[in-house]
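Chains as they are written, first to last, in my numbering: chain R, 1 to 402; chain B, 403 to 688.
Given below as structure tokens:
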């Protein structure tokens, strides 16, 4: 637990009354509910992170209604299960617009499903605020807005921030192994890392790609051991990071610096061999992030709800923060435009900035992406802590090197 | 393509053998049901995962050593397997329909697992995870070694039972012609119950091995179907040793490909090998 005492007390106090996320209770909303429609992968391979988005959405809608809803009306979240299948997501968004006649859309989790939802939103001229879209270059629709502040070119900025962090460490790497899953949203960042590494003068000693779903990481670990790089840049998704670490452990190889792009945060932080592992984040539950009272309150509320839902990892990090931000953006858009008209909401969002728990977000660059809040985190003593940029580092935390 | 060091090559082959042994262990029960009972029992994969989750839960709740769960889970699943076989018999499910019925049942079990343990990842943390032997420059992790020994031991035991015991011979006769076997005084229904129970028990053993080496998620159930089906088809339906040998061939071919070329070529190489071998040995598909 890394919440500072003041934030925690404030959050716990707020929870005792109700979950309002930094706002005062508003007048009781009345009238026909505003329906916000969306899907999540409640079943299928993406079900694990979707639980995070579900809990976050439920907390947010509860809070929103306690604060007076939207435009004085209560809000109802119409949530459907897209089964982790983009084609199902497309059908369900079509249903949400045409049959359920929802007023607003909130996007699913994951690049494939979001792309499907985006197509439907575009066909009907609806605003789509989505959670974690990994390839900004594919976001062509002008009324879509992201909840994950990774900037318009993460293939350049993600490797750059990681290399910056390591360049400032006592042992900057000179050689790099880039090993990557061919899953689209991590693969293109790994390819970008090759270019950025070259520009930074890092010598690439190994580049490997595997198909998503690979089960045998033994040979990949063996090749890494043979190459013995100063830095492993692993374009891994979900459990792949753990499987690679496990395979490295089995052949007694301890990486010097090792970075995992999209790890399963809970399993990775619990693996003893992951100590020192780096990853990217937009939010961790420690100061300075939790100095924001809304964030601190959300962290406490999320933990309580996730514990009740029997989730093994109850901490708030990138997924929950992006999801929470998506709801904040939707709320700000409707309130800013003072309307449910999609064009008016989109216009307002493009012209204005929105305060989120990640930071102030804007939507005025390529694909409506804007600020890049990618920060580097590291597993230290069984906890994820932000280590770079220094301004966002957990109190007393510095990048640890082997 | 790069030529790997001898150490890397040998370690990769070992890695492929270990994974292939798990393919073979999962495929053993599946192939026996398919070949001898004429049922394509997709529920087998669900049993494997249910067993893995139960092993995880017993370790979490009672701190039960996963090896001891091998004494509890197989008998339990033997009964479950018999119950399913009784239901299949009771409703006269045909071979083709068994695929549909067991697919549906697998989806139900996946939902039950998700309901009980959530969709989040679960990892069985045991002292076995850190245990390994060294053989010169090679590493032999204990969980994988246990899987290999169980897979080889059970495959040999089933092979011997099928070959040298009355029950085994009766099961093979039943698979050839159930009506004639019954005319000779055999009890096909009773034997089918026993065989289904044994296959489910084998799934339970495979589940414990899976939990020892892999992080669990309900949606992973279907991720194993393709490669295990390949091992079963390549090894021969109803064969005791075939799935293990085929699993090892697939595992090693993938591992060696990953060691010498791009890991993304591994499935292409192994499935090309599968197609080639099936074409060369069409009789095994009967």
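We put the CB at the ideal spot given by N, CA and C, even for glycine.
List the endpoints of the continuous beta strand (DSSP E) containing residue i.
i                     : result
residue 234 (chain R) : 231-238
residue 383 (chain R) : 383-388
residue 209 (chain R) : 203-210
residue 263 (chain R) : 257-263
residue 164 (chain R) : Counting along the chain, residue 164 (chain R) falls outside any beta strand (DSSP E), though it belongs to the alpha helix (DSSP H) covering 154-167.
Less than 6 Å between C-beta atoms, sequence neighbours within five positions excluded: which residues of the same chain meet that for residue i?
i                     : result
residue 417 (chain B) : 657
residue 423 (chain B) : 549, 550, 553
residue 451 (chain B) : 623
residue 440 (chain B) : 497
residue 604 (chain B) : 430, 431
Could you check which residue in the options has the C-alpha nearest to that of residue i?
i                     : options                    : result
residue 23 (chain R)  : R:331, R:148, R:197        : R:331
residue 189 (chain R) : R:201, R:349, R:154        : R:154
residue 646 (chain B) : B:431, B:511, B:612        : B:431
residue 200 (chain R) : R:221, R:174, R:247, R:223 : R:174
residue 434 (chain B) : B:617, B:570, B:581, B:613 : B:570
residue 664 (chain B) : R:166, R:195, R:180        : R:180
residue 651 (chain B) : B:597, B:633, B:521, B:494 : B:633
residue 63 (chain R)  : R:294, R:371, R:394        : R:294
residue 404 (chain R) : R:37, R:308, R:132         : Nothing about residue 404 (chain R) can be reported from this structure: the residues present for chain R run from 1 to 402 only.
residue 339 (chain R) : R:104, R:88, R:52          : R:104
residue 147 (chain R) : R:324, R:314, R:383        : R:324
residue 79 (chain R)  : R:333, R:70, R:56          : R:56
residue 487 (chain B) : B:631, B:453, B:598        : B:598
residue 615 (chain B) : B:412, B:409, B:411, B:421 : B:421
residue 437 (chain B) : B:654, B:637, B:677, B:674 : B:637
residue 161 (chain R) : R:396, R:292, R:392, R:397 : R:392
residue 342 (chain R) : R:122, R:108, R:90         : R:122
residue 670 (chain B) : B:412, B:642, B:629, B:640 : B:629
Note down, in chain order, each residue of its chain lying with its Cβ closer than 8 Å to the Cβ of residue i, except the 5 sequence neighbours on either side.
i                     : result
residue 414 (chain B) : 406, 657, 658, 660, 661
residue 246 (chain R) : 217, 271, 273
residue 426 (chain B) : 553, 557, 633, 637, 645, 646, 647, 648, 649, 650
Nearest-angstrom Cα distance between residue i and residue j?
i                     : j                     : result
residue 4 (chain R)   : residue 191 (chain R) : Here the model assigns residue 4 (chain R) a pLDDT of 47, short of 50, so the residue's position is not dependable and the matter cannot be decided.
residue 32 (chain R)  : residue 74 (chain R)  : 7 Å
residue 58 (chain R)  : residue 560 (chain B) : 52 Å
residue 68 (chain R)  : residue 40 (chain R)  : 26 Å
residue 512 (chain B) : residue 156 (chain R) : 39 Å
residue 528 (chain B) : residue 467 (chain B) : 8 Å
residue 284 (chain R) : residue 268 (chain R) : 15 Å
residue 164 (chain R) : residue 221 (chain R) : 26 Å
residue 242 (chain R) : residue 558 (chain B) : 33 Å
residue 239 (chain R) : residue 358 (chain R) : 25 Å
residue 507 (chain B) : residue 482 (chain B) : 13 Å
residue 182 (chain R) : residue 260 (chain R) : 14 Å
residue 390 (chain R) : residue 444 (chain B) : 52 Å
residue 21 (chain R)  : residue 129 (chain R) : 20 Å
residue 145 (chain R) : residue 112 (chain R) : 16 Å
Using beta carbons (cut-off 9 Å, strictly below), is residue i in contact with chain B?
i                     : result
residue 43 (chain R)  : yes
residue 410 (chain R) : No answer is possible for residue 410 (chain R): the residues shown for chain R start at 1 and end at 402.
residue 382 (chain R) : no
residue 94 (chain R)  : no
residue 218 (chain R) : yes
residue 293 (chain R) : no
residue 89 (chain R)  : no
residue 47 (chain R)  : yes
residue 313 (chain R) : yes
residue 1 (chain R)   : Here the model assigns residue 1 (chain R) a pLDDT of 40, short of 50, so the residue's position is not dependable, and the following value carries that caveat. So no, residue 1 (chain R) is outside the interface.
residue 86 (chain R)  : no
residue 243 (chain R) : yes
Along the chain, where does the alpha helix (DSSP H) that runs through residue i open and close?
i                     : result
residue 543 (chain B) : Counting along the chain, residue 543 (chain B) falls outside any alpha helix (DSSP H), though it belongs to the beta strand (DSSP E) covering 540-543.
residue 185 (chain R) : 184-199
residue 413 (chain B) : 408-439
residue 673 (chain B) : 668-682
residue 405 (chain B) : Taken as a continuous stretch (DSSP letters only), residue 405 (chain B) belongs to no alpha helix (DSSP H), as it is neither H nor E.
residue 463 (chain B) : 445-464
residue 487 (chain B) : 468-492
Compare the C-beta of residue i against all C-beta atoms of chain R and say whether one is closer than 9 Å.
i                     : result
residue 596 (chain B) : no
residue 631 (chain B) : no
residue 468 (chain B) : no
residue 546 (chain B) : yes
Might you give, ordered along the chain, the residues of its own chain that have their beta carbon closer than 7 Å to the beta carbon of residue i, omitting 5 neighbours on each side?
i                     : result
residue 682 (chain B) : none
residue 667 (chain B) : 659
residue 336 (chain R) : 348, 352
residue 453 (chain B) : 475, 479, 605, 606, 609, 610
residue 544 (chain B) : 530, 533, 534
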